[in-house]
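Participant: Note that my numbering has the sequence shown beginning at 3, numbered continuously upward. Glycine residues also receive a C-beta, built at the ideal position from the N, C-alpha and C atoms. Every value quoted in this text rests on a predicted model; they were computed, and no experiment measured them.
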Amino acid sequence: MQQSLTKSLSLSLDDHISLWRTRRETLVWLVTLIIQTGTVSLWRLAGHVDTRAKTLSVHRRFERFFQHVHLDEACVARLIVHIMGLSGKPWHLALDRTNWKFGRCHINILMLGVIHEKVCIPLFWVLLDKAGNSNARERTNLMGRLHEAFPDQPIASLSGDREFIGERWISWLESQGIPFVLRLKENMHVWNENHVPVKLSVHAARLRKRNSRILKGTWYLGRDPLKATTPIKIAMMRLKTGEMLIVAASRIRIKTALSTYRNRWGIETLFSALKTRGLGLEDTHMTSPHKLTTLMAVLAIAFCLAYKSGLWVARIKPPRHKSHGRLQRSLFALGLNAFRKAIVKMSELEIRRYVVALFKPNIPRNALIGLVL
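(1) Got a sec, what are the start and stop residues for the beta strand (DSSP E) Lys-235 sits in?
(2) Indicate whether the contact test is met: 3 or more Cβ pairs, each with one atom in the stretch 278–295 and one in the stretch 209–218, closer than 8 Å.
(3) Taking the alpha-carbon positions, what's the Trp-171 to Asn-143 distance?
(4) Taking 8 Å as the cut-off, decide whether the C-beta atoms of Ser-261 and Lys-235 are in contact.
(5) What residues are listed by DSSP as bridge partners for Ile-248?
(6) In chain order, what are the residue ranges of uninterrupted beta strand (DSSP E) at least 3 long that sit wholly in the stretch 71–109?
(7) Which whole-angstrom value is the C-beta distance of Thr-8 and Thr-39, which I expect to be below 8 Å?
(8) In chain order, what are the residue ranges of uninterrupted alpha helix (DSSP H) at least 4 long that sit wholly in the stretch 265–336?
(9) Touching or not, the stretch 110–118 and the stretch 269–279, by the rule of three or more beta carbon pairs under 8 Å?
(10) From Arg-355 to Ile-123, what distance separates their C-alpha atoms?
(11) Tell me the residue span of the beta strand (DSSP E) that contains Gly-219.
(12) Among the candidates Glu-27, Ile-318, Ala-308, whose CA atom is the shortest distance from the CA of Ala-335?
(13) By DSSP, does Lys-132 sit in helix, in strand, or in coil?
(14) So is Asp-154 buried or exposed if we call it buried at 16+ other beta carbons inside 10 Å?
(15) Can the beta-carbon of Ala-250 be found less than 8 Å from the beta-carbon of Leu-175?
(16) Using the rule of at least 16 other Cβ atoms within 10 Å of the residue's Cβ for burial, across every protein chain shown, is Cys-306 buried or exposed?
(17) Measuring only the C-alpha atoms, how far is Glu-140 from Leu-351?
(18) By the three-class DSSP mapping on this structure, what secondary structure does Val-346 have?
(19) With a cut-off of 8 Å on the beta carbons, I'd call Asp-98 and Met-113 a contact; round off their distance for me.
(20) Using C-beta distances below 8 Å, list every residue in its chain close to Lys-293, excluding the 5 sequence neighbours before and after it, in chain order.
(21) Verify whether the separation of the beta carbon atoms of Ile-2 and Ile-216 is less than 8 Å.
(22) Have a look at the DSSP bridge pairing and note the partners of Ile-117.
(23) Enumerate in chain order the residues of its own chain whose CB-to-CB distance from Phe-104 is below 7 Å, with the five nearest sequence positions on each side excluded.
(24) Report yes if the CB atom of Gly-224 is closer than 8 Å to the CB atom of Thr-232, and no otherwise.
(25) For His-149, tell me which candidate among Glu-75, Ser-14, Leu-202 has the shortest Cα-Cα distance.
(26) Taking Cβ to Cβ, would you say Pro-227 is nearer than 8 Å to Pro-199?
(27) Grab me the residues of Val-51's own chain with a C-beta within less than 6 Å of its C-beta, minus the 5 sequence neighbours each way, in chain order.
(28) Since Arg-164 contacts Lys-187 with CB under 8 Å, what's their CB separation in whole angstroms?
(29) Taking 8 Å as the cut-off, decide whether the C-beta atoms of Ser-311 and Ala-275 are in contact.
(30) Strictly by DSSP, which residues pair up with Leu-112?
(31) By DSSP's criteria, His-191 is part of a beta bridge. Which residues make up the other side?
(32) Would you please state the rounded distance, in angstroms, between the beta carbons of Thr-28 and Arg-63? I believe it to be under 8 Å.
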């Protein structure tokens, strides 16, 4: 049934991504095989293609794809938004970074996505040409690409971890009118008209586990009151582990800041799905930024198709929960297995209907043979 799936996906992608027929077919092979096998190793993928060509020839075809093909990032982002039905609602954005080493090469990816059903949907990313944290320029460029592709899209919030702080970055967000919730470090100093600069840990000293506090009024970061920074509001909570969660917020209700920040965990779930618990991103031997950027686009499409399948399965047959309240299996894991089983059990007509339904913005309500596990 691989050929039926390839044909159906190729037709659906043709409406969104402009590629020659053979290269579109190669893209479909990569997307479907990565979901099926859980790896991005081109050698391992090549042996699974249903074709008369030799495995070596298929592998060379894959290599040429990553060498010569440039997938327009705006087209890929619009495709993802269409598949996941993200249009027509304000977006809760999450920004984070994932990195690993291949030999002596540092692979460092800055990712921007939309939180949807507690999981982050990848939209834009950049390969950083260094190890370590991103800077304000790299972040603003990434946000600019989002605005260029979706100029009229309202943003409900932007969440970021302790890496994503700094006066220049925060000032830029404020100047663009972007609501944000950013985690602060305990050793950072804050002040206002009624308080001299002290560390945030001082304000949190008497906070017990699982208790929260909102600092009254407007605050400023830094030690020097003569250097006024962007005004922020501050909320904090001592987690059950004893660790402090302190966030700076602007343009959102401070009472909702902590709950809004918790949504940021969705991007950690995304990284886990792309890497060790799903699609095997770290299996790649690619180090070229161009090739890795293309690989990320392929993985983003694969992730969305699998996750959309998981949402479909959950609508038809709600998954079980463990005693602590979490799902027995994640929606992404459900989707991976549903996609794999669908290829084996569905007829050619059912595969066609399955793919057409996946490319519609709404989550389907009808059940298909082979989809529900």
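Facilitator: Quick look at the numbers:
(1) Where Lys-235 is concerned, the enclosing beta strand (DSSP E) starts and stops at 234–240.
(2) Output reads no: the stretch 209–218 does not touch the stretch 278–295.
(3) Straight-line Cα distance between these residues: approximately 11 Å.
(4) No, they are not a contact pair.
(5) Bridge partners of Ile-248: Leu-186, Met-238.
(6) Within the stretch 71–109, the complete beta strand (DSSP E) runs of at least 3 residues are 93–104.
(7) Contact doesn't hold; Cβ gap of about 15 Å is too wide.
(8) Segments of the alpha helix (DSSP H) lying fully in the stretch 265–336: 267–276, 291–318.
(9) By the criterion of at least three beta-carbon pairs nearer than 8 Å, the stretch 110–118 is in contact with the stretch 269–279.
(10) Spanning the two alpha carbons is a distance of roughly 24 Å.
(11) Note, Gly-219: beta strand (DSSP E), 214–223.
(12) Comparing Cα-Cα distances from Ala-335 to each of Glu-27, Ile-318, Ala-308, the minimum goes to Ala-308.
(13) Residue state for Lys-132 is assigned as coil, using DSSP reduced to three classes.
(14) Exposed is the call here.
(15) Against a cut-off of 8 Å, the Cβ pair of Leu-175 and Ala-250 comes out as no contact.
(16) Under this definition Cys-306 is a buried residue.
(17) So the two alpha carbons sit approximately 46 Å from each other.
(18) Note: Val-346 maps to helix in three-state DSSP.
(19) Their Cβ separation, rounded to whole angstroms, is 6 Å, which keeps Asp-98 and Met-113 in contact under 8 Å.
(20) So the list reads Phe-68, Gln-69, once near-sequence residues are dropped.
(21) The first residue shown for the chain is 3 and the last is 375, placing residue 2 beyond what the model contains.
(22) Partner(s): Cys-122.
(23) Answer for Phe-104: His-287, Thr-289, listed in chain order.
(24) Not in contact: Gly-224 and Thr-232 (Cβ atoms no closer than 8 Å).
(25) Taking only the C-alpha atoms, the option nearest His-149 is Glu-75.
(26) Cβ distance < 8 Å, so Pro-227 and Pro-199 count as in contact.
(27) Within the same chain, and ignoring the five residues on either side of Val-51 in sequence, the residues whose Cβ sits closer than 6 Å to its Cβ are Trp-31, Val-60.
(28) Going by Cβ atoms, the distance from Arg-164 to Lys-187 rounds to 5 Å, so yes, they are a contact pair.
(29) Not closer than 8 Å, so no.
(30) In the DSSP secondary-structure assignment, Leu-112 is bridged to Arg-99, Val-128.
(31) Checking the DSSP bridge columns, you'll see His-191 partnered with Lys-201.
(32) Between Arg-63 and Thr-28 the Cβ distance is about 6 Å, and since that is below 8 Å, they are a contact.
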